[in-house]
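First the structure, in the form of structure tokens, and then the observations on it.
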Amino acid sequence: MKLPAPESFSLVWNSAALEGWRSLANEVRQLGDSAGKGDRFQQIAMHLLQISRTMDFRQLPELLRSRVTARALTQLWLENNDFLSRMLNATILRSLVTLQQPMLGIMPLHNLITLYFREFDRLDQHEAGVREALELVIKDQIALRLEQVDLKSERNLLTILYGEAYWLLADDGPKQLVDYVRSERRELSEAFSYFELRGLDNGRYADICRAHYYLETLREIPLGSYDEVFSELLKPSVSKAPYEGEKRIGHAALEILIDRADGDPGESWQSFIMDMAGDPRISSSASNYRQWWKPLGESRVEKVRGWLAKEDLRLFLRALEQYGKESRNSDLQRMFPARKHFLEGLDRLKLVRRTRLMLGSKTEYSVKKILGNELKTSYIKLTNDNAMSDKAVIYIDCGDFCLVEGSHNFKLWVYLAPPSENLYSYDVNKISHYELTSLASASYKKNYGSNAPYSAVTHNPKSWQKTVFEFLADHGIELEIEQLMSSHEYDYYLSRFGMPVVKGSKTVLRKNKKLGSQGEREFAKPVVKPKLGLSDLAVNIVNYFYYNPGGSDKTAAYFLMLPEADVANVIDKELKNFVIRNRDFSCEVKKQYVDQLIDFGVIKND
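Next comes the structure, spelled out in structure tokens:
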């Protein structure tokens with residue numbers, strides 16, 4: 071028999087009836103939340119909170135004998151972070167188990183398991199060894215509870231942990247879980263369901279699992295391409311999560327990308343690396359270097375430093391171009407394309423091994439204004455002497471030769487070896503015009519002998535390239551000059567000067583390693599002093615303040631039997647790079663120059 075379709079109907083509830091249902095639902099929810107939390111539970115919880123505030127533990131051992139205390143204590147560890155930080159340690163944990171003789175109730179055990187997966191690596195922030203202690207407690211408690219149970223009868227969290235705790239609860243458990251996921255070609259969420267970890271996937275254990283999962287993504291993304299996983303890995307909670315031994319997830323991420331990229335990693339990868347670890351071209355004693363770069367090993371550090379050379383070249387050229395525009399210097403603007411092509415050509419020829427960028431205060435401000443947060447590179451600040459505030463300088467090590475190039479009114483210095491460590495040391499954060507020019511060339515001759523060749527090239531639009539190419543060719547260094555000029559410049563150069571003729575083998579300079587070599591003996595003669603620009607009077611004053619730090623103009627004048635005005639004049643002018651005058655008018659030799667002054671024979675350190 072075919073029945074007619076029922077008529078549609080709807081129920082209309084008045085607001086008073088609905089309010090009654092809401093009230094009833096709230097009561098049920100509150101009853102669920104307070105299950106196992108009767109008056110006795112609440113009293114003990116208040117007592118435990120009082121103990122945590124006063125840190126008076128005399129009554130705690132007796133309290134821990136109670137089953138209710140075990141529930142209250144483990145529940146407070148989950149619900150109250152302040153209580154957790156004060157009351158979670160290996161001693162209380164062991165006492166709890168011992169005084170429960172020795173099996174915990176099912177609720178405290180579940181609370182401890184939840185605590186373990188939620189806090190995981192953070193457990194040791196409360197006290198060293200807490201994570202391992204809690205791991206052992208959970209393993210022992212599950213074994214006590216299930217050793218007489220037929221495990222085939224049901225599958226739940228406790229039965230799974232009974233069989234898998236040895237690796238799931240280990241300090242590298244998250245990594246092992248991700249390895250399992252990948253070997254079984256599953257999703258991470260599937261694995262959490264399979265191992266009955268549902269509800270425990272929002273704590274630190276799960277976060278670290280996801281971090282390891284992200285690392286696997288890094289191993290597969292196309293070279294140089296951006297992936298959304300970058301933003302996840304940059305979160306401190308992820309990047310600082312444990313990986314293996316002392317290394318963190320961030321270290322592993324850096325190693326993967328650095329090892330995968332042979333040449334230029336591309337902007338996305340380079341930005342990620344810089345955002346994660348900062349610029350590696352800083353002092354090895356800096357905290358950021360020790361935290362992020364030292365664990366990666368020197369070869370990876372040098373690899374990244376090589377990548378960043380291109381960034382230094384880009385910033386230098388940006389500063390050079392910007393100054394030409396702002397100053398409306400037509401000569402500088404006309405020369406800019408040639409200088410840009412020359413420097414970028416060195417990079418195209420893969421000659422650039424390392425660079426060090428230096429910015430004056432005005433140039434620094436200008437670059438920061440243009441780039442804003444994009445300026446992540448490390449650089450040396452130029453002092454404001456000799457009108458250096460509006461300049462940019464770059465040191466470029468090309469292996470067979472080194473360059474010191476400045477933005478304007480600054481010669482291009484060409485050396486056949488690194489001239490002075492100050493030009494590239496990551497311990498140096500400030501440098502003067504004097505150090506870049508006179509002191510660098512003096513150091514070069516000291517290191518490699520007084521006849522060590524170099525060239526200081528004035529940027530004459532018609533001849534500066536010729537001077538550089540011919541100097542290098544004279545010392546056996548051949549360049550593909552076509553790569554260092556535009557096609558128009560190259561054609562003009564060939565028609566006027568012809569191809570540079572490389573003469574003989576390369577000039578190889580060997581650094582003097584011990585006193586007594588020809589170069590060093592020559593440099594130890596009195597003729598050195600004029601090369602440093604120091605008069606005999608200045609040398610005597612430097613020696614006085616070296617052996618009498620904190621002396622004044624007056625005391626120096628008295629002991630040297632000189633007019634005080636003459637001493638003050640020499641300090642303020644001739645010795646301004648070497649001697650500092652303090653606010654109390656005492657003077658001393660600047661510490662960063664002491665070794666150099668001794669090496670040059672200025673300070674008599676017999």
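Counting from 71, one number per residue, gives the positions in the sequence shown under this note's numbering.
In this text, a Cβ means the ideal position worked out from N, Cα and C, and glycines have one as well.
From a predicted model like this one, the values you see are computed outputs, not experimental measurements.
Next on the checklist: Here's the rule: buried if 16 or more other CB atoms are within 10 angstroms of the residue's CB, otherwise exposed. What is Ser309?
Outcome noted: It counts as buried.
Checklist entry - Where does Ala526 sit, in a helix, a strand or coil, going by DSSP? => result The answer is strand: DSSP assigns Ala526 an E or B state.
Next on the checklist: Taking the straight line between their C-alpha atoms, what separation do you get for Arg252 and Leu390?
Outcome noted: Distance between the alpha carbons of Arg252 and Leu390: 51 Å.
Item to check | Outcome for Asp460 when other beta-carbon atoms lying within 10 angstroms are tallied against a minimum of 16 | outcome: It is buried - the Cβ of Asp460 has at least 16 other Cβ atoms within 10 Å.
Next on the checklist: Please state the DSSP three-state secondary structure of Val474.
Outcome noted: It is a strand residue.
Next on the checklist: If distances are taken between C-alpha atoms only, which option among Val612, Gly621 and Gly394 comes closest to Asp665?
Outcome noted: Comparing Cα-Cα distances from Asp665 to each of Val612, Gly621 and Gly394, the minimum goes to Val612.
Checklist entry - Looking at the structure shown, is Gly333 part of a helix, part of a strand, or coil, going by DSSP? => result Of the three classes helix, strand and coil, the one that applies to Gly333 here is coil, per DSSP.
Next on the checklist: If we require 4 or more residues per run, which alpha helix (DSSP H) segments fall completely within the stretch 115 to 149?
Outcome noted: Correct list: 130 to 133 and 137 to 149.
Next on the checklist: DSSP has Leu452 in a bridge; who is on the other side?
Outcome noted: According to DSSP, which records beta bridges pairwise, Leu452 is partnered with Ile501.
Checklist entry - Do you know how far the Cα of Ala522 is from the Cα of Leu506? => result Whole-angstrom Cα-Cα distance: 17 Å.
Checklist entry - Secondary structure at Cys279, three-state DSSP: helix, strand or coil? => result Residue state, collapsed to three classes: helix.
Item to check | Same chain only: Cβ atoms within 8 Å of Met173, ignoring 5 sequence neighbours per side | outcome: The residues are Gln211, Leu214 and Arg215.
Checklist entry - Under three-state DSSP, which class holds Thr425? => result Under the three-state reduction of DSSP output, Thr425 falls in the strand class.
Checklist entry - Which same chain residues, not among the five before or five after Gly621, have their C-beta less than 7 Å away from its C-beta? => result Shown here for Gly621: same chain residues with a beta carbon closer than 7 Å to its own, the five before and five after excluded, namely Tyr614, Phe615, Ser656 and Cys657 in chain order.
Item to check | Selected residue, minimal CA-CA separation from Tyr449, among Tyr465, Val640 and Asp455 | outcome: Considering only alpha carbons, the answer is Tyr465.
Item to check | Residue environment, Gly320, which counts as buried when at least 16 other CB atoms sit within 10 Å | outcome: Gly320 counts as buried, since no fewer than 16 other beta carbons sit within 10 angstroms of its beta carbon.
Checklist entry - Are three or more beta carbon pairs between the stretch 327 to 336 and the stretch 299 to 316 nearer than 8 Å? => result Cβ pair count under 8 Å is below three, so no.
Checklist entry - Hey, how far is the Cα of Asp345 from the Cα of Ile328? => result Counting only the Cα atoms, Ile328 lies some 14 Å from Asp345.
Next on the checklist: Between Tyr313, Phe342, Arg274 and Leu258, which has its C-alpha nearest Val299's C-alpha?
Outcome noted: Selected option, being the one with the closest Cα: Phe342.
Item to check | Enclosing beta strand (DSSP E) for Ala311 [first to last residue] | outcome: Segment: none, Ala311 is in no beta strand (DSSP E) and carries neither H nor E.
Checklist entry - So Gly273 and Phe190 are in contact, right, with Cβ under 8 Å, and what is the actual spacing, rounded? => result The Cβ separation is near 7 Å, so the contact holds.
Checklist entry - Tell me the DSSP bridge mates of Asp467? => result Answer is Arg424 and Cys472.
Checklist entry - Where are the alpha helix (DSSP H) runs, 4 residues long or more, that stay fully inside the stretch 158 to 241, in chain order? => result With a minimum length of 4 residues, the continuous alpha helix (DSSP H) runs that stay inside the stretch 158 to 241 are 160 to 169, 176 to 189, 200 to 216 and 227 to 238.
Checklist entry - From Trp147 to Ser155, what distance separates their C-alpha atoms? => result Rounded to whole angstroms, Trp147 to Ser155 spans 9 Å at the Cα level.
Checklist entry - Among the residues of its own chain, which have a CB less than 8 Å from the CB of Val572, if the five just before and after it don't count? => result Cβ-Cβ distances below 8 Å link Val572 to Ala543, Gly546, Ile547 and Glu548 in the same chain, with the five nearest sequence neighbours on each side left out; the list follows chain order.
Item to check | CA nearest to the CA of Thr139, picked from Val167, Pro489 and Leu607 | outcome: Residue Val167 is the option with its Cα nearest to Thr139.
Checklist entry - From which residue to which residue does the alpha helix (DSSP H) around Ile641 run? => result In the DSSP assignment, Ile641 falls within the alpha helix (DSSP H) that extends over Glu634 to Asp642.
Next on the checklist: Is Arg351 close to the ligand HEM? I mean its beta-carbon at under 8 Å from any heavy atom of the ligand.
Outcome noted: No copy of the ligand HEM occurs in the structure displayed, which carries no ligand at all.
Item to check | Boundaries (first-last residue) of the beta strand (DSSP E) holding Arg651 | outcome: For Arg651, the enclosing beta strand (DSSP E) covers residues Val649 to Arg651.
Next on the checklist: So, with DSSP's three-state summary, where would you put Val437?
Outcome noted: In the structure shown, Val437 sits in a helix (DSSP, three-state: H, G or I).
Checklist entry - How would you write the range of the alpha helix (DSSP H) that Leu534 sits in, first residue to last? => result Inspection of the sequence shows that residue 534 is occupied by Trp rather than by Leu. Trp534 to Asp544 is the span of the alpha helix (DSSP H), which, as asked, contains Trp534.
Checklist entry - Should Val609 go down as buried or exposed, given a rule of 16 or more other Cβ atoms within 10 Å for buried? => result With a 10 Å radius around the Cβ and a threshold of 16 neighbouring Cβ atoms, Val609 comes out buried.
Checklist entry - Lys643 and Asn582: beta carbons closer than 9 Å? => result Contact: no.
Item to check | Of the residues Ser520, Tyr236 and Gly233, the one placed nearest Arg580, counting alpha carbons only | outcome: Closest option to Arg580, Cα to Cα, is Ser520.
Item to check | Nearest-angstrom Cα separation, counted from Ala323 out to Lys601 | outcome: A caution first: Lys601 carries a pLDDT of 41, below 50, which makes its placement in the model unreliable, though a value can still be read off. In this structure, the alpha-carbon of Lys601 lies about 50 Å from that of Ala323.
Checklist entry - According to DSSP, which residues form a beta bridge with Trp483? => result Val474 and Ala526.
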